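Here the sequence shown stands for residues 1 to 377, where the numbers follow full-length UniProt numbering.
Reviewing the structure listed below.
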Amino acid sequence: MLRTPPPERGGTGGGPHRVAIVGTGGIAHTHAAALRELGDRVRLVAAIDVDTPLARQFAQRCGIADTYASLADTLAHAPPDVVHICTPPRSHAALAAACLRAGVVPVIEKPPTMSLTELDELVALERESGVRAACVFQHRFGSAAARLRDLVAAGALGRPLVAAANTYWFRDDAYFAVPWRGSWQMEGGGPTMGHGIHQFDLLLSVLGGWSEVTAIVGTLARPTETEDVSMALVRFDNGAMATVANSVVSPRETSYVRVDFERATVEVEHLYGYDDTDWTLTPAPGHRVPPQWDSGGEGNASGHAAQFRAVYDALDAGAPPPVTLAEARLTMELVAAIYASAFTRRPVRRGELGTTSPFTVHMGGRPQDRHPEVAAA
Numbered sequence: 001m002l003r004t005p006p007p008e009r010g011g012t013g014g015g016p017h018r019v020a021i022v023g024t025g026g027i028a029h030t031h032a033a034a035l036r037e038l039g040d041r042v043r044l045v046a047a048i049d050v051d052t053p054l055a056r057q058f059a060q061r062c063g064i065a066d067t068y069a070s071l072a073d074t075l076a077h078a079p080p081d082v083v084h085i086c087t088p089p090r091s092h093a094a095l096a097a098a099c100l101r102a103g104v105v106p107v108i109e110k111p112p113t114m115s116l117t118e119l120d121e122l123v124a125l126e127r128e129s130g131v132r133a134a135c136v137f138q139h140r141f142g143s144a145a146a147r148l149r150d151l152v153a154a155g156a157l158g159r160p161l162v163a164a165a166n167t168y169w170f171r172d173d174a175y176f177a178v179p180w181r182g183s184w185q186m187e188g189g190g191p192t193m194g195h196g197i198h199q200f201d202l203l204l205s206v207l208g209g210w211s212e213v214t215a216i217v218g219t220l221a222r223p224t225e226t227e228d229v230s231m232a233l234v235r236f237d238n239g240a241m242a243t244v245a246n247s248v249v250s251p252r253e254t255s256y257v258r259v260d261f262e263r264a265t266v267e268v269e270h271l272y273g274y275d276d277t278d279w280t281l282t283p284a285p286g287h288r289v290p291p292q293w294d295s296g297g298e299g300n301a302s303g304h305a306a307q308f309r310a311v312y313d314a315l316d317a318g319a320p321p322p323v324t325l326a327e328a329r330l331t332m333e334l335v336a337a338i339y340a341s342a343f344t345r346r347p348v349r350r351g352e353l354g355t356t357s358p359f360t361v362h363m364g365g366r367p368q369d370r371h372p373e374v375a376a377a
C-alpha cells in the first residue's frame with residue numbers, strides 16, 4: 001500500500017495528531033477506546049499487524065482506513081505523528097527505535113523494554129533524534145494519585161514510613177498457553193515484569209527513589225519458565241520501607257497500595273483501575289484530613305484515557321510526553337534488582353547493576369541458566 005504523507009504533521013496547530021497502532025490484539029482495543037475519548041484531537045490512520053486478517057478486523061471495528069503488515073511499511077509510505085506500540089514485549093524496543101529514527105513519537109505499552117540495556121539504548125536514541133517516547137504507566141494519572149503526590153511534596157502528611165504495593169491476581173494455565181507468555185525470551189519476566197509493575201510504579205511515583213531491595217521469587221503453580229510469585233522488601237532514599245508482592249496465583253484478586261505517613265495512612269484498593277472512591281485517607285490521632293485531599297466529588301479515574309490526555313496535552317505544548325523513558329527507568333531498575341536479588345540471594349542496591357551485569361542485559365540474568373526457584377511446575 002502506497003500513501004503520500006500529508007504536508008503537515010498533527011498537533012501544535014497542524015490539525016489532529018495522526019496516530020497508528022501497531023499490534024492489534026487485546027490491549028490495542030484499550031488504546032483505541034482511550035484515544036476515541038480525545039475526540040478530534042487525534043485521528044487513527046493505520047492499524048499494523050503481521051496477522052493481516054486481525055489488522056483488518058481491528059481497523060474495521062475502529063474505523064481505520066489503512067492497514068499494514070509492518071511498521072516499516074507504515075513509516076516508509078505514510079508516517080504518522082504518533083505510534084502506539086501494543087505488541088508483545090519482545091518487540092517493544094525495536095519498534096520504538098524505528099519510530100524515534102523516523103521522527104515519530106512512540107507510546108509504548110508496559111514494559112517499555114525487555115531490559116535496562118534496551119531502555120538505555122532508547123534513551124540515547126532519543127537524544128540523537130530529538131524525539132521523546134512515552135511509557136504507559138496509567139496508574140500514575142488518576143486524580144487521587146496526583147493529589148497525594150501534591151500533599152507529599154508539600155509535606156502535609158509528614159514523612160513516609162511504611163508502605164505496601166500488592167498485586168494479587170489470578171491467571172490460569174490456559175492464560176500461559178499463549179506462546180509468548182511466561183517466557184524470559186518473549187515476555188522478559190513473570191508478574192514482577194508484566195503485572196505488579198503497575199502497582200509498584202504508582203508507589204514509586206509517590207515515594208520517589210528506592211535505595212535497596214531484597215527479594216525472593218518462585219514458580220508455585222503455573223506452567224511457566226518465569227516466576228508466578230515474587231516478594232520484595234524495598235528501602236527508599238527517604239528512609240521509608242515497603243513490601244512489594246506480585247502474584248498470578250491468587251483466587252481473590254486485588255490491587256492494593258498503602259503508605260503510612262507520620263500523620264495519615266493513605267490506601268487504594270481496586271483491580272485494574274481506580275477512581276477517587278477507591279481511595280481512603282485515615283488521619284493519625286490528633287490530626288485531620290487535609291482539606292486538599294477532598295476534591296468535592298469524583299475526579300479522574302486512572303487508566304489509559306487519563307494518561308493519553310496528558311500525553312497529547314504535552315505534545316500540543318511541545319513538551320516531552322509523560323512518562324519518559326528516563327522516568328520509567330526507576331521502575332524498570334527495581335524490576336531488574338528484584339530478579340537480581342532473588343537469583344543471587346543477596347540485597348541489591350540501586351545503581352549496583354552496571355552495564356555488564358547479566359541482570360542489566362536480561363531481567364533473568366543469564367537466560368540459559370535454570371534457577372531452581374523458577375522451574376516449570
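All C-beta atoms, glycine included, are put in the ideal place defined by N, C-alpha and C.
On a predicted model such as this, the values are computed, not experimentally measured, just so you know.
C-beta atoms of residue i and residue j nearer than 8 angstroms
i           : j           : result
residue 243 : residue 271 : no
residue 17  : residue 104 : no
residue 176 : residue 210 : no
residue 299 : residue 276 : yes
residue 95  : residue 106 : yes
residue 205 : residue 140 : yes
residue 380 : residue 98  : There is simply no residue 380 to check, as the chain begins at 1 and stops at 377 in what is shown.
residue 89  : residue 188 : yes
residue 102 : residue 75  : yes
Minimum C-alpha distance to residue i - residue among the options
i           : options            : result
residue 268 : 146, 29, 40, 131   : 146
residue 38  : 25, 53, 19         : 19
residue 43  : 336, 64, 25, 57    : 64
residue 285 : 294, 306, 261      : 261
residue 149 : 292, 108, 92, 91   : 292
residue 305 : 23, 25, 29         : 29
residue 341 : 132, 216, 154      : 216
residue 36  : 122, 309, 258, 350 : 309
residue 323 : 294, 201, 338, 223 : 201
residue 33  : 194, 25, 62        : 62
residue 339 : 311, 223, 130, 212 : 212
residue 135 : 294, 228, 85, 186  : 85
residue 379 : 250, 194, 228, 161 : Outside the displayed span of the chain (1 to 377) sits residue 379, for which this structure offers no information.
residue 203 : 166, 127, 194      : 166
residue 158 : 354, 279, 214, 259 : 259
residue 114 : 130, 87, 129, 317  : 87
residue 399 : 356, 80, 25        : The requested residue 399 is not part of the displayed model; the chain covers only 1 to 377.
Spatial distance of residue i from residue j (CA atoms)
i           : j           : result
residue 226 : residue 15  : 45 angstroms
residue 266 : residue 274 : 14 angstroms
residue 352 : residue 233 : 17 angstroms
residue 230 : residue 77  : 45 angstroms
residue 31  : residue 164 : 29 angstroms
residue 422 : residue 138 : There is simply no residue 422 to check, as the chain begins at 1 and stops at 377 in what is shown.
residue 263 : residue 256 : 20 angstroms
residue 110 : residue 362 : 16 angstroms
residue 55  : residue 153 : 45 angstroms
residue 290 : residue 315 : 33 angstroms
residue 239 : residue 180 : 38 angstroms
residue 125 : residue 319 : 17 angstroms
residue 360 : residue 336 : 7 angstroms
residue 133 : residue 108 : 7 angstroms
residue 321 : residue 329 : 15 angstroms
residue 224 : residue 53  : 29 angstroms
residue 288 : residue 156 : 11 angstroms
residue 218 : residue 40  : 47 angstroms
residue 283 : residue 151 : 13 angstroms
residue 130 : residue 100 : 8 angstroms
residue 144 : residue 194 : 24 angstroms
residue 91  : residue 60  : 25 angstroms
Local Cβ density within 10 Å of residue i, reported as buried at 16 or more and exposed below that
i           : result
residue 199 : buried
residue 378 : This structure cannot settle anything about residue 378, because the visible part of the chain is limited to 1 through 377.
residue 220 : exposed
residue 331 : buried
residue 191 : buried
residue 178 : exposed
residue 51  : exposed
residue 333 : buried
residue 196 : buried
residue 348 : buried
residue 281 : buried
residue 173 : exposed
residue 344 : exposed
residue 182 : buried
residue 49  : buried
residue 222 : buried
residue 171 : buried
Nearest-angstrom Cβ-Cβ length linking residue i and residue j, presumed shorter than 8 angstroms
i           : j           : result
residue 27  : residue 47  : That pair is no contact at about 13 angstroms.
residue 388 : residue 364 : Outside the modelled stretch of the chain, which goes from 1 to 377, sits residue 388, for which no answer is possible.
residue 119 : residue 325 : 6 angstroms
residue 73  : residue 45  : Actually they do not touch by this definition, with Cβ atoms about 13 angstroms apart.
residue 278 : residue 248 : So it is not a contact: roughly 21 angstroms between Cβ atoms.
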